Amino acid sequence: MLLHIFILHFPGLLFIEILGQPPFYWMKNNVAKLIDFSLSISIPKGQLHVDTAVRGRIGICAPEYMTTGYLTEKADVFNYGLFLLVLLAGGMLKIPECCYSETFLPSLVKPYDEQDRLIEIVDPELLKERTNQEQFLAFAQIALSCISETAEDRPTMIDAAKQLRRIYESVSPP
18 MLLHIFILHF PGLLFIEILG QPPFYWMKNN VAKLIDFSLS ISIPKGQLHV
68 DTAVRGRIGI CAPEYMTTGY LTEKADVFNY GLFLLVLLAG GMLKIPECCY
118 SETFLPSLVK PYDEQDRLIE IVDPELLKER TNQEQFLAFA QIALSCISET
168 AEDRPTMIDA AKQLRRIYES VSPP
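With my numbering, letter number 27 in the sequence shown gets 44, and the count goes up by one each step, no holes.
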């Protein structure tokens with residue numbers, strides 16, 4: 018169900034997520050409803066970025082966005098990756114509040130990946146679903162690629178969506 022939500026409803030959505038104020042809420046049966054586009058910014062056709070006032074917290078916004086104020090597709094991919102991780106964790110990542118303002122958030126998740134403990138960030142309730150651990154780990158790897166510290170190392174939104182679709186199709190009945 019989680020993969021279904023992301024593949025069909027979220028890829029390509031450009032928004033800046035301010036911690037604690039996501040532009041959606043959950044209803045019964047994990048149906049996501051979008052409710053707030055007040056922080057959405059469109060990148061005009063033919064342009065690569067929008068110069069805007071930085072909104073967000075250090076550690077949960079793309080590093081290049083925080084330093085330049087330029088919002089690009091790759092900054093959106095970064096936010097999408099964080100969003101995927103938060104949903105894998107069943108809400109907010111279990112990291113102390115103080116760390117959000119002092120630390121680059123992906124660096125707090127990286128040790129779990131390096132020590133083959135990535136499954137520990139997945140919400141235990143999600144692990145009860147029919148999806149196996151390898152699919153959650155593949156999902157988490159996509160999220161981690163989206164939150165690479167350098168924009169050039171991140172996939173495009175389309176590539177991330179294609180990778181998620183492949184995982185979804187590998188677990189969905191024909």
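Each residue gets a CB set at the ideal place from its N, CA and C atoms; glycine is no exception.
The structure displayed is predicted, hence computed values, not measured ones.
| Query | Result |
| --- | --- |
| Is Asp130 helix, strand or coil by DSSP? | helix |
| Can you list, in chain order, the residues of its chain with a C-beta nearer than 7 Å to that of Leu135? Leave out the 5 residues immediately preceding and following it. | Tyr129, Leu154, Ala157 |
| Check each candidate in Ser124, Arg183, Pro141, Glu142 and name the one with the smallest Cα separation from Thr152. | The question names Thr, but residue 152 is Gln in the sequence shown. The option with the nearest alpha carbon to Gln152 is Arg183. |
| Alpha carbon to alpha carbon, how far is Ala177 from Asp68? Give it in angstroms, no decimals. | 24 Å |
| Expressed to the nearest angstrom, what Euclidean distance is found between the alpha-carbon atoms of Gly143 and Met83? | Looking at the sequence provided, one finds Leu at residue 143 rather than Gly. When rounded, the distance between both Cα atoms is 32 Å. |
| In its own chain, which residues sit with a C-beta less than 7 Å from the C-beta of Phe95, not counting the 5 before and 5 after it? | Ala79, Cys163, Ile164, Arg171 |
| Report, in whole angstroms, the separation of the C-beta atoms of Ile138 and Leu102, which I expect to be a contact under 8 Å. | 7 Å |
| Can you give the beta carbon distance from Glu166 to Pro123, rounded, assuming they're within the 8 Å contact cut? | 7 Å |
| Does DSSP classify Leu65 as helix, strand or coil? | coil |
| In three-state terms, what does DSSP make of Thr173? | coil |
| When you compare the CB positions of Ala106 and Asp140, do they come within less than 8 Å of one another, or not? | yes |
| Measuring alpha carbon to alpha carbon, tell me which residue in Asn149, Leu88, Thr85, Ile77 is nearest Gly98. | Ile77 |
| Please name the residue or residues paired with Tyr87 in a DSSP beta bridge. | Asp68 |
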